[in-house]
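To start, the structure itself, in structure tokens.
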Amino acid sequence: MFAPVTSKPDLVAQEHEILTLWRERRTFARLRAQNAGGPRWSFLDGPITANNPMGVHHAWGRMYKDVFQRFHAMRGEDQRWQNGFDCQGLWVEVNVERDLGFTSKRDIEEHGIAEFVRLCKQRVLTFAARQTEQSIRLGYWMDWNDPDELRRLRDLLGADPAARATLDGPHGPVTDGVEMLVGRLGMPELGGSYFTFSNENNDLIWGFLAECHRRGWLYKGHDTMPWCARCGTGISQHEMTEGYADRTDPGLTVRFPLLDRPGEALLVWTTTPWTLTSNVAAAVGAGLGYVKVRQGEGVFWLGKGTLKQALIGPFEILEERPGSDLVGWRYRGPFDELPAVRTAFADRGAGGGPYEHRVVAWDEVGEDEGTGIVHIAPGCGAEDFALGKALGLPMLAPLDEGGVFIEGFGFLAGRDVRDSAEPVVEHLKHHGLFYRLEPIVHRYPHCWRCGTPLVFRLVDEWFVSMGPVYDVPRDQLSREQVDASLRYQIMEVVDGIRWLPSFGYERELDWLLNMHDWMISKKRYWGLALPIYDCTACGSFDVVGGREELGARAVEGWDQLEGHTAHRPYVDAVKIACRTCGAPVSRIPDVGNPWLDAGIVPFSTLHYREDPAYWQQWFPADFVTESFPGQFRNWFYSMLAMSTVLRREAPFTTIFGYATLFGEDGRPMHKSWGNAIEFDEAAERMGVDVMRWMYANARPDDNILFGWHAADEARRELLVLWNVYAFFVTYARLAGWSPGADAATAPDPTKVAGRPPLDRWILSRLAGVAARVEDRLANYDPDAAAGTISRFIDELSTWYLRRNRKRFSRSDDPTDRDAAFATLHAALTGLVRVMAPLLPFLTEAIHQNLVVAAGLQAPDSVHLTRWPAAELAPLRDEALEAVTARAQRAVELARTLRSQAGLKTRQPLARLWIALPGAAHADLDALLGVIAEEVNVKEVIRIGDESELVERRIKPLLPKIGRKLGAAIPAVMAAARNGAFEVRADGSVALAGIVLAPDEVEILASPRPGTAVAHDDGLVVVIDTELTDALRAEGDARELQRAVQDLRRDTGLELDDRIDLIVDLGVDAARIAPYLQAVAAETLAYRVTTGAPPAGWPIAGVKLSGGEARVALRRAVPGDGAEPANA
RNA sequence: GGGGGAGUAGCUCAGCGGUAAGAGCAGGCGUCUUAUACACGCCACGUCGGAGGUUCGAAUCCUCCCUCCCCUACCA
């Protein structure tokens, strides 16, 4: 017997019960065991940064991951089920700094790097535990670590990293030092999620970098790079993605007095006043025109095309010259007196004397902004640097790591660059060099992590070369060219991957073609220790390929690393001997770009090194998925690059990307905007199935707008299904019906053959849905799968159940009732299996009641059942589906007609005529009966095309005839519309002086004007609107019955309460009397009497065709003298 | 600055050469129902961003312009 079901479920409470059920029954572990050894489906999880609680946007992607894993599990496929956490990098550092109240790298160093790194590890463990719990709440099935164990490790690490501890692994307990245990998380002996800070991960990256070095692709670059003064680190091109933002800067115009032209000055414009300290030249466009103007007492040179934007006030043009004339002019620099400038300029002049500021030519100079004369500071800007290098200019680098002016810059020394604009301007004013200051808003790069505006700094960083870009199409490249350029090798790998949506392919190629070399170094603390040993004695450098190699080559400090993971500061103590000169060499202090950590995952987590056979089995991954924005240059890129270097093959075969989640108002979620929803809040208020249903229906390549309102829509849809389920259980309990022993699987078609067409129809539809959903999920098209399910739920509720409701409550035909129950039971149990990957909780709840509680021989979880498509396939009957669809459409047309004629469906009509072209089907008569019931007519009469109720209409098929007929089209269409055509014996049609072949027109039935008819694509429905007295009386009786039912509800009666009923019918009494017993039966009235309602009874008025009537009722109690009307 | 995408009903979006422009939501009006408030039906004359052009025919193709979004970029 089924457990009773409420029509208003508490979905959230139910989800918690099911989580408990899964835990107690070890359902997931049994699923894994059940599929072990099956065909493999390899999913590779893109690591989530374990740095904060999970957000609802993470839930979107994790829902996809779960859906596809569950789907493939239902197909019996073996999987790895390994989640990943991204652990190392600036993300974590910034938060730890914030917790400690730090503002600079000096704070960290004073605190101690060892302690700082330990806090970073602890933070990762904290949020790995938290995200694990949240993911479990989402219903995301993975091989999760016990969150309490992760927190225990975190606490042990805080107390004493060297202490011994023991963890339970899949093959038994593992004992090690706490720090090393943390470094072994995710490895086979411990199981669970992978962590990118693991020893194996870092070690394999060392191997990758050593391989790059072996091929000569790793190098140290000396360049001006974007630099974050707060974080004290360079920002690579890969990281610039979300870094651009509008910013207001001072737009400063200054005078550079010309040494050889007294009284004259160059006008130069800049938005970075601080770089004026390091000015060495002023660039002009050799081909541009320049003018000398007088303004008051000043005489200035500037670009002719910039006069309007650059000058304020009236001016007089004195002279005009090409830019090439200006080249070589000497000028007085704005900060010539600074010691740093004097030092840098000494001995750099042409004749061995000091360098002097001068005008140079540069192709890049334009006239859109500024003065047409560009201030050049090679130490402060990348393009300035390139120019300075080409011309052999001196370089001035004024800032230290923290963005503070170094010694030698006079009054600016020790000052933060961010506070330098005002003193610079004051200095210029004081020296008569100031011309104009006006704020300018422009796009400017910011640190993607902390939002600080970047500066450009001259630094040494480490790069992986991407190889040359050839100026020819890819298909014309030679083998040698490709072999010499990593970027083209990666492109070849990209070609072999299925990108969903398809534009991802183009985007990745575009990125690869345009990207610069990969900057992999970061001057920070928490991260991969770059294994680069740069010999200061001889200038050569070496890359160590693994911890083992480091141990073998160590000449000092190895003892300090022992017992520790290869992180700073312990790894820094180890020195190796230079292979070139033999001097002891230290590791460079830099850590690695964090995308190295995630990129090596196809190797580290698949045990590339320690278990090659295993790696062979699971590589490449069949599937990866992440949110698109940013990942083309981050995770997707780093995986591709590393796999190309190590194997020159794709690390995954299909990649599925999805867009961005916003708040309901279309803006990014932001706490202060009031549109942010935390994951926990969403899970506990709307429930995760509702959340998952929203995500499942979203188009992955469109942004999703997430909010409570959208959740209500999703919930409503799920409640329709729930209502069907609740209806089924309610009536099955009332009838004492229980499923047969064979009801655990799809019914045998031979058993179904004798059931009414709607029974066979809904089962056929289910079979079609299972096949379609299978196809869509197998092709990573979840929204199409969800849409298919949505439509089925609608049909199940509003057509199947609505039409068959009475069959479940009637006892006069037990065989038919059993057929109805069996059909609906099969439809529901089949449906929940199809939906299980998308909505694991709701489907489990229904499965538990309809299958498990009913004692059927079936798995005790819907997630342990197999995908049902093959089982259901024999039930498919597409011809029946087609003819039923026509019947549904006919009902809609009939309803429209009734509505237009003002005839409520309650009012029976005598007849309905219907033309159903080409709808021969064995079940047609039965379906006509369904139509009759649904639209409440006594008789349905089929008519043919020849009937006088319809006329023929033709529809020329324009795509076929358009080109041929050209200008004759309007006449042809007009003739077709007016009916001025002739159908010939051979099926061709003559009209407007033209003959159209049979396949160039469609002939349709169309209503003859002036009748109550509706039509759609050849289907014609006509209703008889004439009402007889008998029909009217029957309609009135239905009206009366409706009034009684409403009154029952308004009075608050229970569904099975019996009543005393009194009706006051007025003039209609005699006509309606014959129907009163039927009304009494339908409304559970013990007796019905006519007359004036007694005072005090609930009473309601109702309008009948002959006038007003009243009904009154009260609850009847057995034994009060009333006899059951029909016991 | 370069590349791409989008501008269609109050909102979110389909349609992407074929003849009187659609769907969901919101709203209005109805209807159905002992699945009891769950649902269903009907209601949208919208300059299909603007202006030209190609065509028998344009929301759909072309040109220019306007607005927004994304990607990308070392412009001072």
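Per the numbering used here, the first sequence starts with residue 1, numbered consecutively.
The beta-carbon is built from N, C-alpha and C at its ideal position, and this holds for glycine as well.
What residue range is occupied by the uninterrupted beta strand (DSSP E) comprising residue i?
i, result
"His427", "No beta strand (DSSP E) holds His427; the alpha helix (DSSP H) holding it covers 421 to 430."
"Leu437", "434 to 445"
"Gln295", "289 to 295"
"Met54", "Neither: Met54 is in no beta strand (DSSP E) and is coded neither H nor E."
"Lys575", "575 to 577"
"Ser586", "584 to 586"
"Thr654", "654 to 658"
"Gly303", "298 to 303"
"Tyr695", "Per DSSP, Tyr695 belongs to no beta strand (DSSP E); it is in the alpha helix (DSSP H), 688 to 697."
Classify residue i as buried or exposed, calling it buried when 16 or more other Cβ atoms lie within 10 Å of its own Cβ.
i, result
"Ser278", "buried"
"Asp1138", "There is simply no residue 1138 to check, as the chain begins at 1 and stops at 1127 in what is shown."
"Thr815", "exposed"
"Thr224", "buried"
"Val1067", "exposed"
"Lys308", "exposed"
"Pro1074", "exposed"
"His670", "exposed"
"Phe503", "exposed"
"Glu1002", "exposed"
"Tyr331", "buried"
"Cys212", "buried"
"Thr270", "buried"
"His72", "buried"
Spatial neighbours of residue i within its chain, please: CB distance less than 6 Å, with the 5 preceding and 5 following residues excluded, ordered by chain position.
i, result
"Ala771", "Ala869"
"Leu824", "Phe728"
"Gly89", "Gly527, Pro594"
"Glu356", "Arg330"
"Gly592", "Ile520, Gly527, Leu528, Leu530"
"Ala887", "Leu927, Ile931"
"Arg487", "Met466, Gly467, Leu512"
When the Cα atoms are used, what is the spatial distance from residue i to residue j?
i, j, result
"Phe628", "Met63", "16 Å"
"Pro749", "Val940", "30 Å"
"Pro1009", "Thr788", "Confidence at Pro1009 is low in this model, with a pLDDT of 49, below 50, so its placement is unreliable and the value that follows should be read with caution. The alpha-carbon atoms of Pro1009 and Thr788 are separated by roughly 38 Å."
"Arg457", "Trp708", "47 Å"
"Thr1011", "Arg977", "Because Thr1011 sits at a pLDDT of 49, beneath the cut-off of 50, its placement in the model cannot be relied upon, and the following sentence gives the value as read from the coordinates. Their Cα atoms are separated by approximately 19 Å."
"Asp146", "Tyr780", "31 Å"
"Arg1129", "Gly674", "No information on residue 1129 is available, as it lies outside the stretch 1 to 1127 that the chain covers here."
"Thr1090", "Leu11", "47 Å"
"Arg699", "Gly657", "11 Å"
"Gly414", "Pro569", "28 Å"
"Asp701", "Leu991", "48 Å"
"Ala1112", "Val724", "32 Å"
Might you give, ordered along the chain, the residues of its own chain that have their beta carbon closer than 7 Å to the beta carbon of residue i, omitting 5 neighbours on each side?
i, result
"Ala1116", "Arg1058, Ile1059, Asp1060, Tyr1086, Ala1122"
"Leu66", "According to the sequence shown, residue 66 is Asp rather than Leu. Excluding sequence neighbours, Asp66 sits near Gly139, Tyr140, Trp141."
"Arg507", "Phe632"
Counting along the chain, where does the alpha helix (DSSP H) carrying residue i start and finish?
i, result
"Tyr725", "708 to 735"
"Cys120", "113 to 138"
"Leu796", "Note, Leu796: premise wrong, no alpha helix (DSSP H); not H, not E."
"Phe385", "382 to 391"
"Arg772", "757 to 778"
"Thr823", "814 to 835"
CB-CB under 8 Å to residue i, same chain, minus the five flanking residues each way: which ones, in chain order?
i, result
"Arg803", "Leu758, Val930, Glu933, Glu934"
"Ala3", "Val729, Asn849, Ala853"
For residue i and residue j, which I take to be in contact (beta-carbon distance under 8 Å), what is that distance rounded to the nearest angstrom?
i, j, result
"Leu157", "Lys121", "6 Å"
"Leu828", "Ala696", "With a Cβ gap of about 19 Å, Leu828 and Ala696 do not count as contacting."
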